[in-house]
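As structure tokens, the structure follows; a few thoughts come after it.
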Amino acid sequence: MSVFEAIADPVRRRILLTLVDGPTRVVDLCSHLSDAQPISRPAVSRHLRVLAEAGLVVAEDKGRERHYRLESRPIDEVRRFIADLTADAAPGNRRPPIPESALDALDTEVRRTVRQRRREPAPHTSTTDHEETA
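The opening residue of the sequence shown carries number -15 in my numbering; numbering runs sequentially from there.
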């Protein structure tokens, strides 16, 4: 999963913002995130796995506990990309900067498309004898 796909989810963005303060355990992330909306430990773990696959977080074992910390390199890439976008959006340029709400809308559309594709039957591709001889 790309960095941009990983940060498209608002819960994952909140996790990243929490990790800015330093390494954190899953249970502490659950507690912090549940202040706004209840979230289970397995859900937080799944979000952390996505963030780790994108290279945004790193897990470090400390004794019997696992702490997650922010990995800044991919964030720097996003920062450069956004800086390029906003530079292009300066007066006289065509592209406007991307508001954060656009990322939320992108996440919604991606999820909607995935659900629709799962529901749609596979296209019927067989041909009749008449079509083959024509």
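Even glycine gets a Cβ: it sits at the ideal position worked out from N, Cα and C.
With distances taken Cα to Cα, identify the nearest neighbour of residue i among the options.
i: residue 36; options: 2, 21, 47, 54; result: 54
i: residue 19; options: 26, -1, 6, 30; result: -1
i: residue 11; options: 25, 48, 61; result: 25
Would you identify the three-state DSSP class for residue i, choosing helix, strand or coil?
i: residue 40; result: coil
i: residue 86; result: helix
i: residue -6; result: helix
i: residue 21; result: coil
i: residue 29; result: helix
i: residue 104; result: coil
Ignore the nearest five residues each way along the sequence and tell me which others in residue i's own chain have a CB closer than 8 Å to its CB.
i: residue 39; result: -13, 55, 57, 58
i: residue 23; result: -5, 14, 17
Just list the residues that DSSP pairs residue i with in beta bridges.
i: residue 49; result: 46
i: residue 8; result: 52
Which residues in the same chain have their Cβ closer than 7 Å to the Cβ of residue i, if we skip the five residues on either side of it in sequence?
i: residue 41; result: 3, 32, 35, 52, 53, 54, 55
i: residue 88; result: -6
Just mark residue i as buried or exposed, buried being the case when its beta carbon has 16 or more other beta carbons within 10 Å.
i: residue 66; result: exposed
i: residue 8; result: buried
i: residue -10; result: buried
i: residue 28; result: buried
Between which residues of its own chain and residue i is the CB-CB distance below 6 Å, once the five residues before and five after are set aside?
i: residue 91; result: -8, -7
i: residue 45; result: none
i: residue 50; result: 43
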